[in-house]
Ligand SMILES: Nc1ncnc2c1ncn2[C@@H]1O[C@H](COP(=O)(O)OP(=O)(O)OP(=O)(O)O)[C@@H](O)[C@H]1O
Ligand SMILES: [Mg+2]
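Protein chains in written order, with this note's numbering: chain D, 172 to 450; chain S, 20 to 314.
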C-alpha cells in the first residue's frame with residue numbers, strides 16, 4: 172500500500188479509500204488506532220515523519236520524547252485537533268477501529284465523541300461544576316434533566332472526585348484547586364462516554380500529590396478505556412503505562428512494552444534518553 | 020568572590036535611576052491633570068449657562084422659539100427612538116460580522132481586505148456617513164428624514180468601531196476553552212454559542228454601549244440628513260420625522276447671537292445629553308464588572 176495523499180479536508184481518491192478500509196477491517200480487533208506512514212507538516216515544518224504505531228485497546232500507551240519531538244502533534248492528530256492550526260497538511264492513514272479518520276467521510280464531531288481529550292493545562296469552562304460535566308452530553312442533544320444528573324454523578328465518580336465535589340456542584344469550577352480542576356476535566360471527558368482518552372501531559376501543571384491521584388485514576392480508567400498519554404516524566408511512563416513509544420525529531424525511534432523499553436531498549440538513542448543523557 | 024560591578028558607581032547610578040523614575044511620574048501626572056483641567060472648565064461653563072434653565076417644564080415641554088416656553092421632550096424622545104434603532108441593528112450586524120471574520124473566515128487576502136476596509140471606515144468623518152445616509156435611506160429608499168433613516172445612518176457610523184471591538188472581545192477568549200469544547204465533539208456553532216460568545220459578551224456589550232454613546236452625540240450626519248431643529252410634534256414611530264438632543268444644542272448655539280437665552284437652553288440640553296451619556300457609561304462599567312470572567 173502506497174502513501175495515500177490525504178490533505179485534510181480535500182478530496183481523496185475514493186478507490187484508494189476503499190482499499191484502505193478493506194485492509195484495515197481484516198486487522199486484529201484489539202487494536203484501536205493503527206497509524207500507517209503518517210506524515211504531518213505545519214506549513215514547511217515537517218513535524219511527524221513516517222509514523223507507524225498500533226495503539227492497543229484498554230491499555231495505557233505512553234508517549235515520551237524530548238521537547239518539540241512531535242508528541243502533542245501526534246496525539247492531536249488522533250482526534251484531529253491539529254486541524255485547528257491553519258496550514259496543517261497530512262499524508263498516510265490513521266485507522267480508528269477500521270475507519271480512516273483522515274478520510275473525508277469521517278466527521279470530526281463523531282470522532283471526538285468517541286475520543287475524549289484531557290489537556291496539559293486544566294481548562295474547565297467558566298461555569299458551574301455541574302455545567303462543566305453536562306456540557307458534553309448537552310451538545311449531543313441530551314436534555315433530560317434526570318439523565319443529565321445521572322451522567323454528572325457517574326462521570327464524577329468515574330474520575331474519583333464525586334465525594335469531594337458532590338456538595339459543590341453549583342459552584343464555579345474556577346474555585347477548585349489545579350489538581351481538582353484537572354480531575355474535573357477528566358470527568359468531563361468521561362461524560363461523553365468515549366472509548367479512548369487522549370492525555371497531553373495531564374500532570375505537568377500539578378503538584379506531586381495531585382499527580383499521584385491522577386496516576387491512580389489512570390490505572391482505574393484503563394479497565395474501561397484505551398488511554399494514550401504524553402508525558403515528560405519517565406518514572407510516570409514506567410509506573411503506569413503498558414506500552415511506550417519514544418519519539419525523537421518527529422520519528423518513532425522505538426515502540427515496545429514499557430518493561431522492555433525501560434529495562435532493555437533496543438535503540439541506543441532510547442537508552443540515552445531514558446537514562447537522562449539528553450532531552 | 021570578585022565583584023564585577025564597582026559598588027560606588029552602582030550606587031550613583033541607582034540614585035539617578037530613582038530620580039529619573041520620579042521625573043517621569045511627574046510628567047505623566049501633569050498630562051493627566053491637563054485633561055482633568057479642560058474637562059473641569061467645560062463642565063463649569065456648561066453648568067453655569069444651563070443650570071438655571073434646567074427645570075421640569077424644560078424636560079417635559081415641547082420645542083418653541085420662545086426660550087421661556089421651550090422644552091426638549093421631543094428631542095429626548097427622538098434620541099431614544101434613534102437608540103432603539105441603533106442597538107439592534109449594530110448588535111446583530113456588528114456581532115455577526117465580527118463572528119464571521121474572527122471565527123469563520125479563513126486567513127487570507129479576502130479577510131485582510133475586509134478588515135483593512137473596516138478599519139478605514141472607522142476613520143471616515145461622520146459627515147460623510149451623513150451623505151451616505153442621505154443618498155441611500157432618505158432619497159433612494161425614500162424614507163425621508165425620519166427616525167429609521169437617522170438610526171440606520173448612525174448605525175453605519177458606529178458599526179466599524181463596534182465590529183473591531185467585538186472582534187477584539189472574541190479574540191480575547193482563551194483558545195483552550197474552545198479547544199475543550201471541540202475536544203468533546205462540539206460543532207463550531209455550538210462552541211461559539213455556548214463557550215465563546217458567553218465569555219466575550221461582557222466586552223462586546225461594553226463596546227456596543229460605548230459606540231452607542233458616540234452615536235447619540237453625533238450632530239454632523241443628522242444635519243446632512245436634514246433633520247429639523249424646530250419640530251413641535253413628538254415622534255411616535257420609526258417613520259416619524261424627529262429631532263435629537265445634539266441638533267438642539269447645535270441650532271440653539273448657532274442662534275444664540277439672535278436670542279441670548281438660547282445659549283442657556285443649549286447649556287441645559289448639554290447637561291441632559293451628558294447625563295444620558297454618563298448613564299450609558301455606568302451601565303457599561305456595571306456590565307463589565309459584574310459579568311467579566313477571570314481565566
Ligand atoms: N501550531 C504550530 N505551528 C507551527 N509549528 C508547530 C505548531 N505546533 C507545533 N509545531 C512544531 O512542531 C514540532 C512538534 O511540536 P509538538 O508540540 O508536537 O512537540 P512536543 O513533543 O509536544 O513538545 P513538548 O514536549 O514541548 O510539548 C515542533 O518543532 C514545533 O515547533
Ligand atoms: Mg507537547
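We put the beta carbon where it would ideally sit given N, CA and C, even for glycine. In this text the structure is predicted, and so the values were computed from the model without any measurement.
- Excluding the 5 residues flanking it on each side, residue 442/D has same chain C-beta neighbours closer than 6 Å at 436, in chain order.
- If you draw a straight line from the Cα of residue 252/D to the Cα of residue 198/S, it comes to about 8 Å.
- In the three-state DSSP reduction, residue 68/S falls in the helix class (H, G or I).
- By alpha-carbon distance to residue 447/D, the top candidate from 256/D, 363/D, 404/D and 387/D is 404/D.
- Contacts between residue 214/S and chain D, judged by CB atoms closer than 8 Å, involve 296 in chain order.
- The region 258–277 of chain S and the region 164–171 of chain S touch, with three or more beta-carbon pairs separated by less than 8 Å.
- With a threshold of 7 Å, the Cβ atom of residue 119/S does not count as near ligand 1, since no heavy atom of the ligand is closer than that.
- Separation of the CB atoms of residue 423/D and residue 399/D is rounded to 13 Å, and the pair is thereby denied contact status at 8 Å.
- Cβ-Cβ distances below 6 Å link residue 125/S to nothing in the same chain once the five nearest sequence neighbours on each side are left out.
- Fewer than three pairs of CB atoms, one per stretch, sit closer than 8 Å, so the region 201–218 of chain S makes no contact with the region 172–182 of chain S.
- With its beta carbon at least 8 Å from every one in chain D, residue 119/S lies outside the interface.
- Nearest CB-CB separation between residue 306/D and chain S: below the 8 Å threshold.
- When C-alpha distances from residue 430/D are compared across 418/D, 358/D, 408/D and 439/D, the shortest belongs to 408/D.
- For residue 224/S, the closest Cβ of chain D is not nearer than 8 Å.
- In summary, the residues of the region 189–205 of chain S whose CB is separated from some CB of chain D by less than 9 Å are 193, 194, 195, 196, 197, 198, 199, 200, 201, 202, 203, 204 and 205, in the order they occur in the chain.
- Here the alpha carbon of residue 418/D sits roughly 39 Å from the alpha carbon of residue 219/S.
- Listed by position along the chain, the residues with Cβ atoms less than 7 Å from a non-hydrogen atom of ligand 2 are 242/D, 243/D, 291/D, 371/D, 372/D and 401/D.
- Under the Cβ criterion of 8 Å, residue 287/D is counted among the residues facing chain S.
- The residues 291 and 403, in chain order, have a CB closer than 7 Å to that of residue 375/D in the same chain once the five nearest residues on each side in sequence are set aside.
- Taken through DSSP and simplified to helix, strand or coil, residue 400/D comes out as strand.
- At a cut-off of 8 Å between C-beta atoms, residue 433/D does not count as an interface residue with respect to chain S.
- Within chain D, no C-beta atom comes nearer than 9 Å to that of residue 124/S; the closest sits roughly 11 Å away.
- Judged by beta-carbon spacing, residue 178/S lies within the 8 Å limit of residue 113/S, meaning their Cβ atoms are closer than that value.
- Taking the beta carbon of residue 218/S as reference, the chain D residues within 8 Å of it are 297, listed in sequence order.
- Short note on residue 236/D: C-beta closer than 7 Å to some heavy atom of ligand 1.
- With respect to the 8 Å criterion, residue 427/D and residue 231/D are not classified as neighbours on the basis of their beta carbons.
- Residue 219/S carries a helical assignment under DSSP once its states are collapsed to helix, strand and coil.
- Listed by position along chain D, the residues whose Cβ is nearer than 7 Å to that of residue 209/S are 310.
- Here residue 86/S really is in contact with residue 281/S; their C-beta atoms are around 6 Å apart, less than 8 Å.
- Residue 255/D and residue 361/D have their C-alpha atoms some 23 Å from each other.
- Within 7 Å of the C-beta of residue 403/D there is at least one heavy atom belonging to ligand 1.
- The C-beta distance from residue 332/D to residue 352/D rounds to 10 Å, too long to fall under 8 Å, and the pair is not in contact.
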